[in-house]
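Taken in order, the sequence shown gives residues 44 to 181; the numbers are from this note's numbering. Even for Gly, the Cβ is constructed at its ideal location relative to N, Cα and C. Values in this document were obtained by computation on a predicted structure and should not be read as measured data. Data first, discussion second: the structure below is written as structure tokens.
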Amino acid sequence: MKYLLSVLVFFTMLFSFAQDSTTVKVKTPKIVSKLIYGKTISIDDLELKFISLESDSRCPTGVQCVWAGEAIAIVDVYKNGQKLEQKKITFPNRKKILTGNLFSSETLNISGLNIAPYPKHNIKIKPEDYYIQLDIRN
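So, in structure tokens, the structure goes:
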């Protein structure tokens, strides 16, 4: 009987002192979208088109390299159907990824996070297999 009573008191205390959820701060979730080679993605009144892969010198998996390498992608940015600019993005960027390296305004930041697929030893990647992962923040 004492055992049952102590278990009951333990569970009552356990569940009666829960956290107050009003003091918990939650970060805005990161939205990641794919921009596929040769395709266009629309975000609000913007359109982004991955037009070409200038180079991909990243060190393939299964190979030892002195330099990690980089991939360079060219993206056209359109607003309301008019071409704003052409962006050249380098992956990985030696600097910290700049917020809004594709587009930046007071209400919207679009950044290139990564380019995939990652090269593998003795496997050739077709240009149409590439895609850019975009970080979109409102």
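Identify, in the order they occur along the chain, each residue of the same chain with its Cβ nearer than 6 Å to the Cβ of Leu127, setting aside the five sequence neighbours on each side. Val120
For Tyr173, three-class secondary structure by DSSP: coil
Out of Cys108, Lys130, Glu97, which has the shortest C-alpha to C-alpha gap to Ser154? Lys130
Residue range of the beta strand (DSSP E) that Asp99 falls in? 89-99
What does the Cβ neighbour count give for Phe54, buried or exposed, with the cut at 16 atoms within 10 Å? exposed
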